[in-house]
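Only one structure is covered here, and it is reproduced in the block below.
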Amino acid sequence: MLQALSWAALGTGFTFLMTTLGAAVVFFFVEEPRPQFQRTMLGFAAGVMTAASVWSLLLPAIEQSADFGVPGWLPAAAGLLLGVSFLSALDAVLPHLRRAKDMDLTRRQSTLLMAAITLHNVPEGMAVGLAFALAAEGEGMAGAAALALGIGIQNLPEGAAISLPLRQEGSSRGRAFLLGTLSGSVEPIFGILVVLAAAGVRPLMPWLLSFAAGAMLYVVVEELVPQAHSKAGTCGFVGGFLIMMILDVALG
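Those letters in the sequence shown? Residues 8 to 259, by my numbering.
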């Protein structure tokens with residue numbers, strides 16, 4: 008068990024580090040990003056999250072459902088609806104955040120974005136933790152390494168997708184970096200927890216993956232796409248979608 012925990016910590020620690028590196032991009036901007044750049048980054052984040060919802064979350068959820076004798080569409084559809092409902096409820100109860108003021112809107116958007124990406128990182132951390140725990144027992148080391156590498160590379164733009172909008176909102180570089188980094192901290196936490204409770208968690212993975220997909224898609228449609236609506240935002244969306252799709256297919 009100790010070896011499995013150590014390997015799970017190693018694999019998820021790498022993916023967490025990649026999120027940290029992505030969040031660190033906020034230190035490379037001398038002044039507040041211009042509106043056009045902000046729209047491009049919001050579109051990029053929307054494209055990344057849309058592609059990740061399909062290739063990193065929904066498709067694996069459908070594939071894994073077969074291992075437990077469950078129709079593939081059931082956890083995918085039910086989990087997605089639960090994720091959308093959860094973010095919708097979070098959206099409704101966020102304190103002091105109203106659409107009437109621009110600053111409130113920006114803060115509300117950043118909060119939802121961070122919540123969605125953090126939720127998305129939970130099943131990813133669990134998947135990497137399980138893969139490395141199995142590798143410690145002699146099963147699929149190459150596959151575990153490829154999974155960690157793919158998720159780690161994907162985490163780079165996700166860290167930036169949190170820290171840059173927070174910086175544009177008016178947060179200090181240090182705070183924006185810290186919150187971007189914290190979004191990835193759930194990966195090693197849940198990666199280790201899943202090893203401790205491996206037998207009971209595996210059947211829930213398709214539901215957790217779909218739940219995260221629903222949360223991400225809610226933020227994309229409700230917040231990011233409307234705010235990014237421009238030619239720059241569209242280009243950012245296409246770029247983010249293509250990059251994430253290529254990473255998922257090539258490395259996943």
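Note that the Cβ used here is the ideal one computed from N, Cα and C, for glycine as well. Quantities reported herein were computed from a predicted structural model and do not represent experimental measurements.
Reducing DSSP to helix, strand and coil, say where LYS108 ends up. The sequence position of residue 108 within the sequence shown is 101, counting from 1. At LYS108, the pLDDT of 42 sits below 50, so the modelled position is not reliable and the matter cannot be decided from this model.
Could you check whether the stretch 158-175 touches the stretch 86-99, counting it as contact only if at least three pairs of C-beta atoms, one from each stretch, sit closer than 8 Å? no
Note the first and the last residue of the continuous alpha helix (DSSP H) segment covering PHE75. Here residue 75 refers to the residue found at position 68 of the sequence shown. It is not in any alpha helix (DSSP H) - PHE75 carries neither H nor E in the DSSP assignment.
Determine the burial state of ARG105: buried for a count of at least 16 other Cβ atoms within 10 Å of its Cβ, exposed for fewer. Working through the sequence shown from its first residue, we reach residue 105 at position 98. A caution first: ARG105 carries a pLDDT of 41, below 50, which makes its placement in the model unreliable, though a value can still be read off. It is exposed - the Cβ of ARG105 has fewer than 16 other Cβ atoms within 10 Å.
Evaluate GLN10 with the Cβ neighbour count: other Cβ atoms within 10 Å of its Cβ, from every protein chain shown; 16 or more gives buried, anything less gives exposed. The residue you call residue 10 lines up with position 3 of the sequence shown. Answer is exposed; the Cβ neighbour count stays below 16.
Straight-line gap, GLY90 to GLN45 (C-alpha atoms, nearest Å): Mapped onto the sequence shown, residue 90 falls at position 83. Mapped onto the sequence shown, residue 45 falls at position 38. Between GLY90 and GLN45, the C-alpha separation is close to 26 Å.
Does the distance from the CB of VAL201 to the CB of LEU137 come in under 8 Å? For the purposes of this step, residue 201 is identified with residue 194 of the sequence shown, where counting begins at 1. For the purposes of this step, residue 137 is identified with residue 130 of the sequence shown, where counting begins at 1. Going by C-beta atoms, VAL201 is nearer than 8 Å to LEU137.
Below 8 Å on the Cβ atoms is my guess for MET223 versus ALA59; work out the distance and round it to an integer in Å. Position 216 of the sequence shown, counted from the first residue, corresponds to residue 223. Position 52 of the sequence shown, counted from the first residue, corresponds to residue 59. About 7 Å; that satisfies the 8 Å criterion.
Might you give, ordered along the chain, the residues of its own chain that have their beta carbon closer than 6 Å to the beta carbon of MET212, omitting 5 neighbours on each side? Against the sequence shown, residue 212 aligns to sequence position 205. Hits under 6 Å: GLN71.
For GLY177, three-class secondary structure by DSSP: Position 170 of the sequence shown, counted from the first residue, corresponds to residue 177. Coil.
Is the Cβ-Cβ distance between VAL55 and MET251 less than 8 Å? Residue 55 sits at position 48 when you count from the first residue of the sequence shown. Residue 251 sits at position 244 when you count from the first residue of the sequence shown. Cβ atoms of VAL55 and MET251: closer than 8 Å.
CA-CA distance, ALA167 and ALA73? Your numbering for residue 167 matches position 160 in the sequence shown. Your numbering for residue 73 matches position 66 in the sequence shown. If I take the Cα positions, the gap works out to 35 Å.
Would GLU176 and GLY132 qualify as a contact pair, given that the criterion is a beta-carbon distance under 8 Å? What you label residue 176 is simply residue 169 of the sequence shown in a count that begins at 1. What you label residue 132 is simply residue 125 of the sequence shown in a count that begins at 1. Cβ atoms of GLU176 and GLY132: not closer than 8 Å.
Closest to VAL227 by C-alpha separation, out of LEU154, LEU156, LEU24 and LEU94, would be which residue? Locating residue 227 in the sequence shown gives position 220, where the first residue counts as 1. Checking every option, the nearest Cα to that of VAL227 belongs to LEU94.
Just to confirm before moving on: does the CB-CB distance between THR22 and ALA155 stay below 8 Å? Within the sequence shown, the letter at position 15 stands for residue 22. Within the sequence shown, the letter at position 148 stands for residue 155. Yes, the Cβ-Cβ distance between THR22 and ALA155 is below 8 Å.
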